[in-house]
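Just so you know, the sequence shown maps onto residues 1 to 229 in the numbering used here. Heads up: the structure comes next, in structure tokens.
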Amino acid sequence: MSKILIVEDEISIAELEKDYLELSGFDVVIEETGDAGLNTALHENVDLIILDLMLPNMDGFEVCKKIREVKDIPILLVSAKKEDIDKIRGLGLGADDYITKPFSPSELVARVKAHLARYERLVGSGVKKNEIIEIRGIKIDKTARRVYVNGEEKTFTTKEFDLLTFLAENPNHVFTKEELFSKIWDMESVGDIATVTVHIKKIREKIEFNTSKPQYIETIWGVGYRFKV
Ligand code: CA
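Put into structure tokens, the structure is as follows:
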């Protein structure tokens with residue numbers, strides 16, 4: 001069953017949307033503030049978000065932007081003002097659709113269904129789940145071999161990408177430099193375990209906010225490295 005997140009501070013509207021969506025077989029969760037909505041969007045398994053623009057604590061523009069940094073799921077922005085639509089388009093927030101209040105609940109349900117179907121086609125049912133790895137602000141697209149840090153794409157060499165992906169796919173597992181070298185570099189490679197250290201340093205420069213206090217790849221002194229989750 002698809003799970004829909006409604007972020008809406010007008011509870012009567014939220015409840016109406018919820019009723020209609022539940023009648024259509026969706027699982028629905030409501031959040032009434034921007035920050036609570038963002039938190040649920042990022043930490044729960046949600047398939048689509050209906051996001052009001054004017055919200056307490058954090059507005060819908062900001063919430064949309066922050067969700068997009070890490071998730072590709074469909075976002076339907078809801079606005080009480082027609083003028084907002086131009087603003088949304090201009091900002092390029094990555095929303096999938098816009099709907100202005102008042103709207104009919106059946107129109108909303110139709111759009112939700114259309115976007116979920118489109119998204120499922122895009123993702124593809126046969127695609128393995130581990131093709132995209134998302135850990136906090138980092139998104140590794142294994143298929144496209146691209147890495148995004150807080151929504152910004154970073155350039156990685158082949159070995160840097162392989163090393164980061166390997167560590168991220170085995171979170172909290174400590175690997176020695178020897179293990180990493182033999183996993184990532186083939187036998188004919190010129191180099192030694194110092195190569196691993198150099199590559200870790202380069203990866204940290206791209207993903208860490210502060211390389212002297214790494215939040216992702218930790219050094220376990222005397223042993224090796226681990227990707228912390
Ligand atoms: Ca509102």
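For every residue, glycine included, the Cβ atom is placed at its ideal position computed from N, Cα and C.
The three-state secondary structure of Arg145, taken from DSSP, is coil. With distances taken between CA atoms, Lys3 lies nearest to Ala41 out of Asp35, Glu10, Ala41, Glu15.
The shortest CA-to-CA distance from Lys228 to any of Ser182, Glu120, Glu8, Thr165 is the one to Thr165.
In the DSSP assignment, Gly224 falls within the unbroken beta strand (DSSP E) covering 224-227.
Asp96: not part of any alpha helix (DSSP H); DSSP gives it neither H nor E.
Within the same chain, and ignoring the five residues on either side of Ile184 in sequence, the residues whose Cβ sits closer than 7 Å to its Cβ are Lys159, Asp162, Leu163, Phe166. In this structure, Lys113 sits away from Lys154, with a CB-CB distance that is not shorter than 7 Å.
At least one heavy atom of ligand 1 lies less than 6 Å from the C-beta of Met54. Checking the 6 Å criterion, the Cβ of Asp59 is out of range of every heavy atom belonging to ligand 1. For Asp9, the distance from the CB to the nearest heavy atom of ligand 1 is below 6 Å.
As computed with DSSP, Asp59 is found in no beta bridge at all.
The beta carbon of Asn150 sits closer than 6 Å to those of Glu69, Gly137, all from its chain and outside the five residues before and after it, given in chain order. The DSSP-derived three-state label of Asp27 is strand.
In terms of CA proximity to Glu32, Val63 leads the group Asn45, Val63, Leu23, Phe26. About 16 Å separates the Cβ atoms of Gly25 and Leu5, ruling out a contact at the 8 Å cut-off.
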